[in-house]
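Q:
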Amino acid sequence: MALLSPMKNFLKVEESMSLLKTVPSNVVQSIRAFRVVELQAEAAQLGQHFLYAHCAHAATKQQVLTTIAEAFQFPRHFGKNFDALSDCLTSLPHKAGVQPGFLIVLEQLPNTPKFDKEARETLLDVFRDAAEFWAEKKIAFRVFYSFQ
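Following UniProt numbering, the numbering of the sequence shown begins with 1 at its first residue and continues without gaps.
(1) Are the stretch 27-44 and the stretch 58-74 touching, with three or more C-beta to C-beta distances below 8 Å?
(2) What's the C-alpha gap between residue 71 and residue 49?
(3) Identify the residues that DSSP records as bridge partners of residue 112: which are they?
(4) How many Å lie between residue 118 and residue 147 at the Cα?
(5) So is residue 26 buried or exposed if we call it buried at 16+ other beta carbons inside 10 Å?
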């Protein structure tokens with residue numbers, strides 16, 4: 001009896017999932033009909049990191065980045081800018097060794113004059129770039145977001 005390689009085991013688990021069966025493994029998308037509790041349970045089932053940031057009380061770029069940094073337990077030296085966010089999403093975990101995958105929820109991103117559509121798109125672009133980074137390493141990186 002042949003043993004399955006770790007990658008084949010990973011793919012087998014991914015295929016058997018019902019909740020994320022139609023969701024690419026490296027994507028940034030609206031949360032739509034998914035519920036946070038179900039996504040958290042799915043991450044646990046897959047043995048992946050579940051990162052959640054509730055941003056409803058943030059109104060500015062700095063507040064959004066602070067909320068994310070605190071929720072994701074970024075290092076104290078986090079620069080609270082988009083470049084620092086990119087580094088924390090890629091360099092730090094990558095240097096920590098083999099990663100099991102990531103399931104991220106950014107809930108209630110603000111729609112305010114100090115965090116407008118352009119700021120939201122820039123933030124999501126940072127997460128899209130991180131998804132591409134992890135895709136190259138064949139590590140799942142799914143991000144779900146909602147707006148206020």
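No residue lacks a Cβ here, since even glycine has one placed at the ideal position from N, Cα and C.
A: Quick look at the numbers:
(1) Flag = no, the stretch 27-44 and the stretch 58-74 do not touch.
(2) Straight across, the Cα-Cα distance linking residue 71 with residue 49 is about 13 Å.
(3) Residue pairing from DSSP places residue 112 in a beta bridge opposite 115.
(4) Roughly 13 Å separates the two Cα atoms.
(5) Burial call: buried.
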